[in-house]
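Trainee:
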Amino acid sequence: MISIVIPTYNNLDYLKLCLKSLKQNSNYDHEIILHVNDGSDGTLDFVNNNNYKYTKSETNIGLCSSINIAAKLVSNKYILYCHDDMYFCPKWDLVLLNEVNSISHDKFYLSGTMIEPYSGHIVHNFGTDLNSFKEKELLLKYKDINFYDHQGTHFAPHLVSKRIWNIVGGFSEEFNPGIASDPDFNMKLWKEGVRIFKGINDFKVYHFGSLTTRKKKNFIQNRGDKTFLKKWGITTNFFKKHYLRTKTKYDGPLTEPKVTISYILGLLSCKIQSIFTI
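All residue numbers for the sequence shown refer to my numbering, where the first residue is 37 and numbers rise by one.
1. Buried or exposed: where does N222 fall if 16 or more other Cβ atoms within 10 Å of its Cβ makes it buried?
2. Just to confirm my understanding: we take F27, look at its own chain, exclude 5 residues before and 5 after, and list those with CB closer than 8 Å. What are they?
3. Please report the distance separating the alpha-carbon of E135 from that of I38.
4. For the ligand MG, is there a heavy atom less than 7 Å away from the beta-carbon of F244?
5. Give the DSSP-derived three-state secondary structure of L195 in the structure shown.
6. In the structure shown, what three-state DSSP assignment does P219 receive?
7. Count the other CB atoms within 10 Å of the CB of T149; is the residue buried (16 or more) or exposed (fewer)?
8. Pull the bridge partners of N212 from the DSSP assignment, please.
9. Between the Cα of V159 and those of H243, Y45, D81 and L55, spot the shortest distance and give me the residue it belongs to.
10. Cβ of K113 within 8 Å of Cβ of K198?
11. Can you tell me the Cα-Cα spacing of N182 and I236, whole angstroms?
12. Does the stretch 204-212 come into contact with the stretch 100-109, if we say contact requires no fewer than three beta-carbon pairs (one atom in each stretch) closer than 8 Å?
13. Along the chain, where does the beta strand (DSSP E) containing S300 start, and where does it finish?
14. What are the start and end residues of the alpha helix (DSSP H) that includes K179?
15. Where does S155 land, buried or exposed, given buried means 16+ other C-beta within 10 angstroms?
16. Could you check which residue in P43, D65, Y64 and N87 has the C-alpha nearest to that of D74?
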């Protein structure tokens, strides 16, 4: 089936909820692989006591490196990456695998639809933390609150084939601890001819919202957008708008961006920004 890769950084209670949702709301048994950063909050004891497959680092090495290390243990055909503060809604895997089976190749990037209290694809507050989480209400209502199948997804949770993952080399570690790593991964897929970047409405997760970056005062962010600009010669916003057509309704595989006035002006702006970006 699917190998689910989850990096975690001293976020044990949310990780437990994520794993609980995978256990109770999946139709199939999937391989779960964790990467434990630090783990001094009890995470390391938890994964050992419950026989989870995992890799470990003594300190927080960042999302990109964490995912790449854990992905080396993957034994299934497909890799799903998710955050440790996500709750998977029922039948997520049935919906996802039905989509995979409808595609005759493995050049795709499929993701879910995020429900979040303040942003996300669907804005609906089912709780901002564990204490306020309304699990029963979410399970009653998630089917009735909808976005649409959408283009240009670059959000977790996302699924790719192990073959494609290996071809592009996973996540680029110059983007540690993680900002802009998803668009960079998508660009690498684009360069390999992937044109299906589809977010699936019926594959829903509840996301508490980047808890690691919100709660850790010592969490240092990277200059990912600038790294992307220097690497690819365009901004992440330009890539998402003109290549991925992010959050527009899904209407089939993407094509090369149309060279319009907006495209030309945007590209010129990217080139100017690139010159002055240190």
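For every residue, glycine included, the Cβ atom is placed at its ideal position computed from N, Cα and C. Please read these numbers as outputs of a predicted model, since none were measured by experiment.
Mentor: Quick look at the numbers:
1. buried
2. No information on residue 27 is available, as it lies outside the stretch 37 to 314 that the chain covers here.
3. 13 Å
4. Absence of the ligand MG is noted for the structure shown, with no ligands found whatsoever.
5. strand
6. helix
7. buried
8. Its beta-bridge partners do not exist; DSSP assigns none.
9. H243
10. yes
11. 10 Å
12. yes
13. Rather than Ser, the amino acid found at residue 300 in this sequence is Ile. No beta strand (DSSP E) holds I300; the alpha helix (DSSP H) holding it covers I297 to F312.
14. No alpha helix (DSSP H) contains K179, which DSSP labels as neither H nor E.
15. exposed
16. P43
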